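Since the structure comes first, as structure tokens, the remarks are kept for the end.
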Amino acid sequence: MHAIMLAFHDLGFDDAIRADGSSVERAITLLPALEASIRTAIATADHPPGEAFAERLGRAFRGPLDRVVAAADMLGLGHAGRADDDIVATIAASARQLLALVDEVVDLQRIERPDFRPNAEPIDLADIARQACGLLTVRAAANGVHLMRPPDAQSIMVLGDFGRSLQIMLGLLGNAVRNAPRGTAIWMRCVRAEHSAALIVVDEGPGISPFDQERIFLPFQRVDGDSGPGAGLGLYVGRLLARAMRGDLIVESPPGEGACFILTLPLVPP
Numbered sequence: 187m188h189a190i191m192l193a194f195h196d197l198g199f200d201d202a203i204r205a206d207g208s209s210v211e212r213a214i215t216l217l218p219a220l221e222a223s224i225r226t227a228i229a230t231a232d233h234p235p236g237e238a239f240a241e242r243l244g245r246a247f248r249g250p251l252d253r254v255v256a257a258a259d260m261l262g263l264g265h266a267g268r269a270d271d272d273i274v275a276t277i278a279a280s281a282r283q284l285l286a287l288v289d290e291v292v293d294l295q296r297i298e299r300p301d302f303r304p305n306a307e308p309i310d311l312a313d314i315a316r317q318a319c320g321l322l323t324v325r326a327a328a329n330g331v332h333l334m335r336p337p338d339a340q341s342i343m344v345l346g347d348f349g350r351s352l353q354i355m356l357g358l359l360g361n362a363v364r365n366a367p368r369g370t371a372i373w374m375r376c377v378r379a380e381h382s383a384a385l386i387v388v389d390e391g392p393g394i395s396p397f398d399q400e401r402i403f404l405p406f407q408r409v410d411g412d413s414g415p416g417a418g419l420g421l422y423v424g425r426l427l428a429r430a431m432r433g434d435l436i437v438e439s440p441p442g443e444g445a446c447f448i449l450t451l452p453l454v455p456p
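Residue numbers (the numbering used here): 187 to 456.
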């Protein structure tokens with residue numbers, strides 16, 4: 187963490203986030219270096235990062251990154267039509283991505299506490315799938331991917347935490363949207379078993395090799411290397427949350443046939 191703070195100071199972010207427009211270009215060149223510093227700190231921390239590390243990370247970066255977003259938004263409002271509008275938008279998007287990265291690590295610290303207990307209340311698994319689909323419809327359309335959600339009439343009541351279940355689904359669906367080829371579809375369907383229900387997400391992407399199918403559920407591991415957003419925690423956190431709700435999260439992926447992720451949760455007792 188000390189190394190990150192030195193880098194943060196040396197990079198001159200306080201100078202680069204002024205809202206007078208004089209340092210837009212410098213700010214955008216500094217954000218990748220700041221992201222690299224954060225990723226390095228995460229990679230070299232204890233695995234998983236301890237509570238103190240996560241809290242320091244949040245305190246160190248949330249405030250400055252909030253200022254980056256605010257400054258970029260102000261520039262965008264005050265200079266509509268300027269040639270550097272795309273640069274301003276990129277600054278805001280990059281800073282928001284870094285904020286999400288910091289929040290992801292802080293949330294992991296909460297989930298791994300021995301006293302973490304998600305809610306166990308009746309929730310509609312099919313409705314969670316539909317809501318996740320609605321939240322990602324615009325992104326899917328931009329990527330040329332069609333989302334096939336469960337029918338509106340379907341309802342399967344399970345025991346779980348609504349917010350955490352939606353978090354899992356947004357992660358699964360976001361991964362599928364990012365990896366699915368243009369012109370393909372992503373299917374979501376819910377099925378009921380004797381004591382549990384499953385929410386299944388199937389895409390037509392490149393699939394996941396047998397070697398990677400277990401590795402992707404480990405912390406800080408990702409199939410796409412370091413090219414994608416986030417810290418490689420989404421599936422690890424998703425499985426932790428599913429199991430904390432007395433369910434599970436698994437993947438099935440025959441070579442070259444896309445990926446099928448399955449979230450199971452216990453049914454509401456009769």
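A virtual CB, placed ideally from N, CA and C, is assigned to each residue, including glycine. Just so we're clear, the structure is a prediction, and the values are computed from it rather than from any experiment.
- A362 sits buried, since 16 or more C-beta atoms from the chains shown fall within 10 Å of its C-beta.
- The Cβ atoms of G391 and G444 sit closer than 9 Å to each other.
- No residue range can be given for M431, since it is assigned to no alpha helix (DSSP H) and is classified by DSSP as neither H nor E.
- By the CB criterion at 9 Å, P308 and L345 fall inside the cutoff.
- The C-alpha of A366 lies about 37 Å from the C-alpha of P455.
- In this structure, E290 lies away from G424, with their beta-carbon atoms at least 9 Å apart.
- Its chain contains A371 and W373 as the residues whose beta carbon lies nearer than 6 Å to that of M334, once the 5 sequence neighbours on both sides are disregarded; these appear in chain order.
- Going by DSSP, P452 is part of no alpha helix (DSSP H) but of the beta strand (DSSP E) stretching over C446 to P452.
- In the DSSP annotation of this structure, the continuous segment of the alpha helix (DSSP H) that includes P396 starts and ends at P396 to R401.
- The continuous stretches of beta strand (DSSP E) do not include I342, and DSSP gives it neither H nor E.
- The residues T450 and L451, in chain order, have a CB closer than 6 Å to that of G433 in the same chain once the five nearest residues on each side in sequence are set aside.
- When DSSP reads this structure, S382 sits in a beta bridge with P452.
- Around the C-beta of P440, fewer than 16 other C-beta atoms lie within 10 Å, and the residue is accordingly described as exposed.
- Beyond the five residues adjoining it in sequence on each side, I314 comes within less than 6 Å, by CB distance, of S351, L352 and M355 in the same chain, given in chain order.
- The beta carbon of N329 sits closer than 8 Å to those of V363, R364, A366 and R368, all from its chain and outside the five residues before and after it, given in chain order.
- Ranked by how close their Cα comes to the Cα of L426, the residues V388, R296, D398 and L287 have R296 in first place.
- Boundaries of the alpha helix (DSSP H) around D313: L311 to A328.
- Minimum Cα-Cα distance from P300 among the listed residues A430, A318 and F397 corresponds to A430.
- Membership of L333 in the beta strand (DSSP E) is indicated by the continuous run H332 to M334.
- In this structure, DSSP gives R375 an extended state, which the three-state scheme calls strand.
- Counting of Cβ neighbours within 10 angstroms places D338 among the exposed residues, the total staying below 16.
- Rounded to the nearest whole angstrom, the CA to CA distance from V387 to S395 is 17 Å.
- Under DSSP, P308 shares a beta bridge with L345.
- In the three-state reduction of the DSSP assignment, E438 falls in the strand class, which pools E and B.
- Taking every protein chain shown into account, the CB of V324 has fewer than 16 other CB atoms within 10 angstroms, so this residue is exposed.
- Across the structure, P336 and V292 are spaced so that their CA atoms are roughly 32 Å apart.
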